[in-house]
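Below is one structure; the comments refer to it alone.
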RNA sequence: GCCGGAGUGGCGGAAUUGGCAGACGCGACGGAUUCAAAAUCCGUUUCCCGUUCAGGGAGUGUGGGUUCGAGUCCCACCUCCGGUACCA
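Numbering (this note's numbering), first residue to last: 75 to 1012.
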């Protein structure tokens, strides 16, 4: 690049890269980014804490993508800004490193996932460090480290050792439950569930139960428990698959057959927390869309369960409905194909039952996943069961059908069908010619086509002991619930969409569960002192192909088959020589990310997951916050799962006294997605970006006209940008500025390589403003220019306001304007340059340090104080105000900045041009908005 | 279908929450510099009419409304993006 004519000290890519390396080394050496914990010598209790965290990445082999740094640059700017205000800033980074890709790679190559993962981590760390992010690297964590997953396992054991006490609405240690049962404070009621003791004849005494029964009862109440689940099992891949990984009954990867089958899996009782997870959303400073998504995912639904007796047996069908008021319109019932009653039907078919059809239908439905069932949407299928039920309100007989539009996993897996007021029931009734009765009168003027599903007035709804005619929907609901409760026909009930969390995987590359089984199937915990249970090495990562699900860890036979003593079970629980089998499932990828924010606070603690005093300091409540991470930045794609799971773990730890705040992330911000331009042919197909002449908008090979569209970056479109290349060409400061200057942080926006040069030129202008390009020495003027000084104050004020709002694009625009003004005005004094470089430093920290150092100042911009501004300097003595006549700008006037409205009006009307336009008429009204505008109504 | 978010120049985007629409940047055009180019600097750049100047008109997805004044508020609609989807 450099030629004889290029000045020796021009700010170009080579210089940028040189100074960036230099300052990164200097910051690291000085440990500029170290956060101070309470208890450390330099700890300053008067400093505000600021815990600012990025969602940690999963380090993939492909390296960092330009989309990753968008949020990281943002969090870095505000962290640096807060540090310059003297705050104690905790800004850490780590690695979400267990997961599938490394394991898939291991299957193909035999390379241990740890090897690939660690190499990917090294790449990511090197790339991140190259951006000059101010992470406290001494607090770096990786979920795959034994010292980390030690505590992941410990938390799981906490859950296994706890139960949810609904009487005080919190989790408690299960030992306390045992003591309460032994002392008789709690007892087991008839149905086998726990109840507060109200001494009665039928109560079973806990102490009379045999050990096995006692254990089973306790196991049923643990927050982490073994439960039977229907899963997608792929024999060929040797693993269960998520619903999204199954397409048309085949695995997405490889197209192997998938069967639905029951499997004992570790579960988390997240449903116990449903109400709190919902309620506490209100106290969070989170994007509304994310809060809504979580609320919908939790899916609280108020209604009633109603009992419909069968015509010819003593049984009844329990249904859940949100519209008990429509019970008079229930003309048939529908069972999910998995409903337990169907087995009884097949065993003893009623007279009207076509056994073959029912068997076929149920069999077919069973092998289709929920996702497949839903794919068909409108086309309702079903079969008559032969059963008849009694509508308890009308007393009439109604047929019971079986159809897969009713899901076993929600409510009771059975519904009362009201085809008059439910779209799905209406479609089904039409298809199978079932009767439709209207029982809700729409309010006057309500528009609807087909069936009316809104609220209105009950009609046709009266029988012997119940009449709700004329009632509004809400009143009618309450009346039906009251009637049902009194007559034993049902009761009010709230159901949730949220299911318990399936927490085991048959994979290798995850945290082992700290638990073992004796021959009788009983589970025994590994004692806390024996943690971590270390993931054993395997020589072969290929899944076992089998119909009987077998996790990969089953291959480590020596590890699996062991003794209680070897595994670390407390000898008081089991004699050390007892043969035991280790749990071979592993935890899912979410586990490590559920609590990593806690570990950042105290990453090297080997006595506890976090020291209580440290926890209170970084995460406890303060004058301005109810506690939790002060700012958490990451993608909206984690709106539900990660953020919900982490909230659940946090609440569990809160109940058990390990954390002091009720929520983990007080303020959440989603950075927007980076898209890229792509090209589309007229037939809609996409053309790789390097096969298009962008200026002419034609495809090179064919000369065909193509249209520019915005698409996600993807390998196939060849529109992925590698950050390393951008840094090599412009430097990290330019990269940082570009990503922040593109637009609002939260907006998704297209990467446009051509635009980068704009901020690059800005940095070059900054450099030339302050440096002699020939000598490399600072050039400053002696006396400040008033206009420049005012511009500087305006700029500092603007940037100081914008950074806390994460409005970085406008902050940068303000800096550009200032530099343009300063250049026109002939330069800066060294004092002005010092202040400017400090404002610039959160955004472009390396060039800012270089300017400071060449000015001859000591220390770092990064640890200097943030410059102040004087409000008096923000305004000029006189203002130019636009004058509107009837809302259109017709002229301008000069007024003193402090002029009162009456004076402004006088000046306006005295203005020659305004008077001319008014043509001598006296205006009806003059509106003066101080400092803004004058509007005349003639 | 439902729930969010957004529609502003050739492009990315500004607009103190009702007060000069288009800040800032890219691109484009013109000029200076240069043997020439790159780089840099200066100027122009929403559109239309007028076109030296002056000036005039239209304009923030569409149609209505409120207001002295609307990109911003209200009503109806259109389009795009994200999420979700037989949840009874």
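Glycine included, each C-beta is placed from N, C-alpha and C at the ideal position.
None of the values given here were measured: they were computed from a predicted structure.
Practice prompt. Would you mind giving the Cβ-Cβ distance between residue 637 and residue 652, rounded to the nearest angstrom? I have them listed as a contact below 8 Å.
Written response: Stepping through the first chain from its first residue, residue 637 is reached at position 563. Stepping through the first chain from its first residue, residue 652 is reached at position 578. Contact check for residue 637 and residue 652: beta-carbon distance about 6 Å, within the 8 Å limit, so the pair qualifies.
Fill in: Nonlocal neighbours in the same chain, by C-beta distance under 6 Å from residue 568, ignoring five residues either side
One-based indexing of the first chain puts residue 568 at position 494. Non-local beta-carbon contacts of residue 568 in its own chain, meaning distances under 6 Å to residues more than five positions away in sequence, involve 376 in chain order.
Worksheet item: In this structure, does DSSP put residue 299 in helix, strand or coil?
Response: Here residue 299 corresponds to residue number 225 of the first chain, with the count starting at 1. Residue 299: strand per DSSP, three-state reduction.
Worksheet entry | Nearest-angstrom Cβ-Cβ length linking residue 495 and residue 397, presumed shorter than 8 Å | Along the first chain, read from residue 1 onward, the residue named residue 495 stands at position 421. Along the first chain, read from residue 1 onward, the residue named residue 397 stands at position 323. Confirmed, about 7 Å.
Practice prompt. Measure the alpha-carbon distance for residue 83 versus residue 690 and round it to whole angstroms.
Written response: Working through the first chain from its first residue, we reach residue 83 at position 9. Working through the first chain from its first residue, we reach residue 690 at position 616. Straight-line measurement puts the Cα of residue 690 at about 50 Å from the Cα of residue 83.
Discussion item. Assuming contact is defined by CB atoms lying nearer than 9 Å, are residue 941 and residue 154 in contact in what I supplied?
Written reply: One-based indexing of the first chain puts residue 941 at position 867. One-based indexing of the first chain puts residue 154 at position 80. For the pair residue 941 and residue 154, the CB atoms are not nearer than the 9 Å cut-off.
Fill in: Outcome for residue 284 when other beta-carbon atoms lying within 10 angstroms are tallied against a minimum of 16
Start at 1 with the first residue of the first chain, and residue 284 comes out as number 210. So residue 284 counts as exposed.
Item to complete: For residue 964, collect the residues of the same chain with a Cβ closer than 8 Å to its Cβ; drop the 5 residues on either side in sequence, then sort them by chain order.
Response: Translated into the one-based positions of the first chain, residue 964 becomes position 890. The answer, listed in chain order, is 957, 958, 987, 988 and 991.
Discussion item. Can you tell me whether residue 399 is buried or exposed? The criterion is at least 16 other CB atoms within 10 Å of its CB, across all chains shown.
Written reply: Numbered from 1 along the first chain, position 325 holds the residue referred to as residue 399. Counting every other CB atom within 10 Å of its CB across the protein chains shown gives residue 399 a total of 16 or more, marking it as buried.
Item to complete: Let me know the secondary structure DSSP gives residue 551 once reduced to three states.
Response: If you number the first chain from 1, residue 551 lands on position 477. Of the three classes helix, strand and coil, the one that applies to residue 551 here is helix, per DSSP.
Worksheet item: Quick one: what's residue 471 bridged to in DSSP?
Response: Along the first chain, read from residue 1 onward, the residue named residue 471 stands at position 397. For residue 471, the pairing in a beta bridge is given by DSSP as 464.
Fill in: Those residues which DSSP pairs with residue 782 across a bridge
Numbered from its first residue, the first chain carries residue 782 at position 708. Residue 782 is bridged to 753.
Worksheet item: If you run the structure through DSSP and keep just helix, strand and coil, what is residue 960?
Response: Here the question's residue 960 lines up with position 886 in the first chain. Secondary structure of residue 960 (DSSP, three-state): coil.
Worksheet item: Can you tell me the Cα-Cα spacing of residue 252 and residue 580, whole angstroms?
Response: Numbered from its first residue, the first chain carries residue 252 at position 178. Numbered from its first residue, the first chain carries residue 580 at position 506. Their backbone Cα atoms lie some 32 Å apart in a straight line.
Worksheet item: What is the rounded straight-line gap between the Cα of residue 996 and the Cα of residue 980?
Response: Position 922 of the first chain holds residue 996. Position 906 of the first chain holds residue 980. Looking at the two C-alpha atoms, the distance is approximately 12 Å.
Practice prompt. Would you mind reading off the limits of the alpha helix (DSSP H) that contains residue 832?
Written response: Position 758 of the first chain, counting from 1, holds the residue named residue 832. Unbroken alpha helix (DSSP H) run through residue 832: 830–844.
Practice prompt. Could you spell out the range, first to last residue, of the beta strand (DSSP E) harbouring residue 1009?
Written response: Along the first chain, one-based indexing puts residue 1009 at 935. For residue 1009, the uninterrupted beta strand (DSSP E) segment begins and ends at 1007–1011.
Discussion item. Let's see if you can read the secondary structure: which residues bound the beta strand (DSSP E) around residue 567?
Written reply: Locating residue 567 in the first chain gives position 493, where the first residue counts as 1. From DSSP, the beta strand (DSSP E) with residue 567 extends over 564–570.
Worksheet item: What is the rounded straight-line gap between the Cα of residue 450 and the Cα of residue 478?
Response: Here residue 450 refers to the residue found at position 376 of the first chain. Here residue 478 refers to the residue found at position 404 of the first chain. Confidence at residue 450 is low in this model, with a pLDDT of 49, below 50, so its placement is unreliable and no value can be given for it.
Discussion item. Looking at the secondary structure, which residues open and close the alpha helix (DSSP H) in which residue 252 lies?
Written reply: On the first chain, position 178 is the one that residue 252 refers to. 248–257 is the span of the alpha helix (DSSP H), which, as asked, contains residue 252.
Item to complete: Name the residue from 122, 783 and 767 whose alpha carbon lies nearest to the alpha carbon of residue 777.
Response: Mapped onto the first chain, residue 777 falls at position 703. Selected option, being the one with the closest Cα: 767.
Fill in: Beta-bridge pairing of residue 162 - partner residues as DSSP gives them
Numbered from 1 along the first chain, position 88 holds the residue referred to as residue 162. Looking at the DSSP assignment, residue 162 forms a beta bridge with 123.
Practice prompt. Look at the Cβ atom of residue 656, then the Cβ atom of residue 612, and state whether they are nearer than 9 Å.
Written response: Translated into the one-based positions of the first chain, residue 656 becomes position 582. Translated into the one-based positions of the first chain, residue 612 becomes position 538. Contact flag unset, no.
Practice prompt. Reducing DSSP to helix, strand and coil, say where residue 92 ends up.
Written response: Stepping through the first chain from its first residue, residue 92 is reached at position 18. In this structure, DSSP gives residue 92 a helical state, which the three-state scheme calls helix.
Worksheet entry | the segment 91–105 / the segment 671–687 touching (three or more Cβ pairs under 8 Å) | Judged by Cβ distances under 8 Å, the segment 91–105 makes no contact with the segment 671–687, as fewer than three pairs qualify.
Worksheet item: If you draw a straight line from the C-alpha of residue 218 to the C-alpha of residue 414, how long is it?
Response: The residue labelled residue 218 in the question sits at position 144 within the first chain. The residue labelled residue 414 in the question sits at position 340 within the first chain. Straight-line measurement puts the Cα of residue 414 at about 43 Å from the Cα of residue 218.
Discussion item. Here's a check: name, in chain order, each residue in its chain whose Cβ is nearer than 8 Å to the Cβ of residue 949, leaving out the five neighbours to either side.
Written reply: Numbered from 1 along the first chain, position 875 holds the residue referred to as residue 949. Closer than 8 Å at Cβ, skipping near neighbours: 971.
Discussion item. At the level of alpha carbons, what is the spacing between residue 76 and residue 827?
Written reply: Residue numbering aside, residue 76 sits at position 2 when the first chain is read from its first letter. Residue numbering aside, residue 827 sits at position 753 when the first chain is read from its first letter. Legend: pLDDT at residue 76 = 40, less than 50; position of this residue unreliable, value from coordinates given subsequently. If you take the alpha carbons of residue 76 and residue 827, they lie about 23 Å apart.
Worksheet item: Do residue 207 and residue 169 have their C-beta atoms within less than 9 Å of each other?
Response: Taking the first residue of the first chain as 1, we reach residue 207 at position 133. Taking the first residue of the first chain as 1, we reach residue 169 at position 95. With a cutoff of 9 Å on beta-carbon distance, residue 207 and residue 169 are scored as not near each other.
Worksheet item: Contact check, residue 332 vs residue 315 under 8 Å by CB: the rounded distance?
Response: Translated into the one-based positions of the first chain, residue 332 becomes position 258. Translated into the one-based positions of the first chain, residue 315 becomes position 241. At roughly 6 Å, the Cβ-Cβ gap stays under 8 Å, so residue 332 and residue 315 are in contact.
Worksheet item: Taking DSSP as the reference, what is the three-state secondary structure of residue 418?
Response: Numbered from 1 along the first chain, position 344 holds the residue referred to as residue 418. Residue 418: helix per DSSP, three-state reduction.
Item to complete: Given a cut-off of 9 Å, decide if residue 249 and residue 205 are closer than it, judged by their beta-carbon atoms.
Response: For the purposes of this step, residue 205 is identified with residue 131 of the first chain, where counting begins at 1. For the purposes of this step, residue 249 is identified with residue 175 of the first chain, where counting begins at 1. When the beta-carbon positions are compared, residue 205 and residue 249 stay at least 9 Å from each other.
Practice prompt. Please name the residue or residues paired with residue 407 in a DSSP beta bridge.
Written response: In the first chain, the residue the question calls residue 407 occupies position 333. 474 and 490, per the DSSP bridge assignment.
Worksheet entry | Segments assigned alpha helix (DSSP H), at least 4 residues, entirely inside the segment 861–941 | 882–898, 904–914 and 919–928, all fully within the segment 861–941.
Practice prompt. Spell out the partners DSSP gives residue 341 in its beta bridges.
Written response: Position 267 of the first chain, counted from the first residue, corresponds to residue 341. DSSP lists 299 and 576 as partners of residue 341.
Practice prompt. Consult DSSP for residue 819 and reduce its assignment to one of helix, strand or coil.
Written response: Residue numbering aside, residue 819 sits at position 745 when the first chain is read from its first letter. Three-state DSSP puts residue 819 in coil, outside helix and strand.
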